Amino acid sequence: MKYQGDTDTSYQTDLSIPEGPPPPYSLAEPSISQAFKPVIIPQVTKAFDSEIASPFMRAYSPALSQYQISQTDFLTFLDGLNEVFIANPVLQATGIAGAVMGNIHPIEIVGMAVETASEIGSETTSYFRTRAYLKKVNTDLFGPRGLKAKIMDFEKMARAVDVHPDGLKDRMEREAGVLEDQDVESVEDIYIDLVHRVIADGEGGGEGVDAQGRNPRLLLLDALQGHVSPLETEGLPVSPEQRNLLKRWNASFATREGQKQHDRLEKKFRKAKQERAEKYKEALEIGQEMEKDVGKIEAKIGKVPEKEKHDERKIERKTSRLVADMEQIRRKKVKKMRDVMKDGDEKLKDLQRKDMEKTLKIKWVVISSDTSSTDGEN
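Here the sequence shown stands for residues 1 to 378, where the numbers follow UniProt numbering.
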């Protein structure tokens with residue numbers, strides 16, 4: 001598929017628009033059993049603390065193939081969208097925007113989707129570039145196939161896939177949740193098997209099979225299973241439309257930023273899970289110490305009848321005191337275990353909470369059936 005620049009010089013952007021009409025296509029092709037579920041693509045990060053400086057993840061859904069949208073076509077669409085949506089990430093990231101823009105031939109500047117240095121970081125400019133780009137790809141690529149591409153915030157995205165935003169948030173929190181705060185009265189209520197799993201997970205480098213500590217964007221996609229089409233994110237080809245060095249950097253920014261974010265997050269979670277495992281080991285040692293103390297008291301209770309010469313009243317009185325002592329030890333030790341485990345959970349919870357908040361603020365590309373709705377943000 002070849003692409004040509006837009007002829008509207010009002011926003012000077014190198015839009016990725018197919019030449020000529022789309023290939024023959026029949027809306028009747030997908031069967032009812034293959035009813036289209038929306039494809040959603042998240043921004044990969046909140047780079048530079050700017051809404052428009054963060055690219056969308058490079059991904060492809062096999063569900064698009066039934067609409068004759070190939071992996072190459074869709075990735076070219078995403079690369080083009082990132083080019084017009086973000087404000088030249090390469091130049092922002094290196095801090096050399098002014099110097100570079102002053103030394104690039106105007107035609108190359110057009111290729112980088114900016115007209116002047118003053119446009120770098122301009123949300124207004126990004127808005128109009130993106131709006132024009134989506135209008136063209138919806139007209140030429142998605143529209144003829146009965147689909148529509150929109151950019152939405154979290155709440156609109158959730159409603160677009162027929163899920164209530166609050167319910168989705170709750171589901172994400174359950175997917176990501178660490179051990180719940182427990183109002184426990186006995187060591188059995190602390191779920192010793194879970195304690196052992198947490199310790200094994202931390203000692204194994206934080207790479208356990210549980211969902212805790214995973215990227216919130218992936219947790220959200222998991223929570224939406226059954227409502228959205230699955231995505232492929234591994235082994236994707238580089239876009240063939242990268243014609244010069246700066247365009248190659250620009251087009252690969254999403255991949256690099258996504259990997260950097262993933263690596264940073266993994267490192268933080270790995271450390272938090274290792275620290276959490278140490279706290280849980282401490283709690284387990286407290287529990288083992290408690291059982292030893294309780295065992296000593298139980299041994300004393302067993303010797304009471306013999307020591308009290310089988311005096312029923314004395315036996316009952318002394319046994320009651322020992323049982324009370326035993327229960328007091330249990331309560332104190334269990335509370336101490338719970339407090340230590342809570343300390344271990346706190347850093348991981350805080351890490352999850354902060355990244356979850358970022359996930360709720362990012363934008364989403366939503367490819368859905370065209371119902372001519374105005375809910376999307378273009």
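Think of the CB as a built atom: it goes at the ideal place given N, C-alpha and C, for glycine as much as any other residue.
This one's a predicted model, so the numbers in the text were calculated from it and none came from an experiment.
Coil, strand or helix - Lys292 by DSSP: In the structure shown, Lys292 adopts helical secondary structure according to DSSP, grouped into three states.
Secondary structure at Gln43, three-state DSSP: helix, strand or coil? DSSP places Gln43 in strand when its eight states are reduced to three.
Quick check on this structure: which residue in Asp293, Val304, Ile297 has the alpha carbon closest to the alpha carbon of Val323? For Val323, the closest C-alpha among the options Asp293, Val304, Ile297 is that of Ile297.
Report the rounded CA-to-CA distance for Pro38 versus Ala149, giving the unit in angstroms. Whole-angstrom Cα-Cα distance: 10 Å.
Looking at the structure shown, is Gln68 part of a helix, part of a strand, or coil, going by DSSP? Residue state, collapsed to three classes: coil.
Please name the residue in Phe142, Asp370, Thr371, Val365 whose C-alpha comes closest to that of Gln43. Selected option, being the one with the closest Cα: Val365.
Same chain, Cβ closer than 8 Å to Arg171, neighbours up to 5 away in sequence not counted: In the same chain as Arg171, and ignoring 5 residues on each side of it, the C-beta atoms closer than 8 Å to its own belong to Ala223, in chain order.
In terms of DSSP beta bridges, what is Ser369 paired with? Bridge partners of Ser369: Leu147.
Please go through the same chain and pick out, in chain order, the residues whose beta-carbon is closer than 8 Å to the beta-carbon of Lys300, but skip the five residues on each side of it. Hits under 8 Å: Leu322.
In angstroms, rounded to a whole number, what distance separates the CA positions of Asp311 and Asp325? If I take the Cα positions, the gap works out to 21 Å.
In the DSSP output, what is Gln225 paired with across the bridge? Among the bridge pairs identified by DSSP, Gln225 is matched with Val228.
Per-residue DSSP class, three states only, for Met152: Here Met152 sits in strand by DSSP.
Relative to the C-alpha of Tyr133, which candidate in Leu351, His164, Asp79 has its C-alpha closest? With distances taken between Cα atoms, Tyr133 lies closest to Asp79.
Let me check understanding here. Comparing Cα to Cα, which of Gln352, Glu234, Lys309, Phe128 lies closest to Arg270? Closest option to Arg270, Cα to Cα, is Gln352.
Could you check if Phe74 is buried or exposed, using at least 16 other CB atoms within 10 Å of its CB as the buried criterion? Around the beta carbon of Phe74, 16 or more other beta carbons sit within 10 angstroms, so the residue counts as buried.
Can you tell me whether DSSP reads residue 400 as helix, strand or coil? The chain is shown from 1 up to 378; residue 400 falls before or after that span and cannot be answered.
For Leu221 and Met290, I'd like the C-alpha separation in whole angstroms. In this structure, the CA atom of Leu221 is about 43 Å from the CA atom of Met290.
Just to confirm, are Ile199 and Ala272 a CB contact at a threshold of 8 Å? Going by beta carbons, Ile199 and Ala272 fall outside the 8 Å limit.
What are the boundary residues of the alpha helix (DSSP H) that Val238 is part of? Here Val238 belongs to no alpha helix (DSSP H), and DSSP marks it neither H nor E.
Can you round the beta-carbon distance between Val195 and Tyr280 to whole angstroms, since I take them to be within the 8 Å contact cut? Right, their Cβ atoms sit about 5 Å apart.
Tell me whether residue 417 is buried or exposed, calling it buried when 16 or more other Cβ atoms sit within 10 Å of its Cβ. Here the chain comprises residues numbered 1 to 378, so residue 417 is not present and cannot be evaluated.
Going by Cα to Cα distance, which pick from Ile69, Asn82, Ser65 is closest to Arg58? Among Ile69, Asn82, Ser65, the Cα nearest to that of Arg58 is on Asn82.
Alpha-carbon to alpha-carbon, Ala283 and Ser320: Between the alpha carbons of Ser320 and Ala283 lies a distance of about 28 Å.
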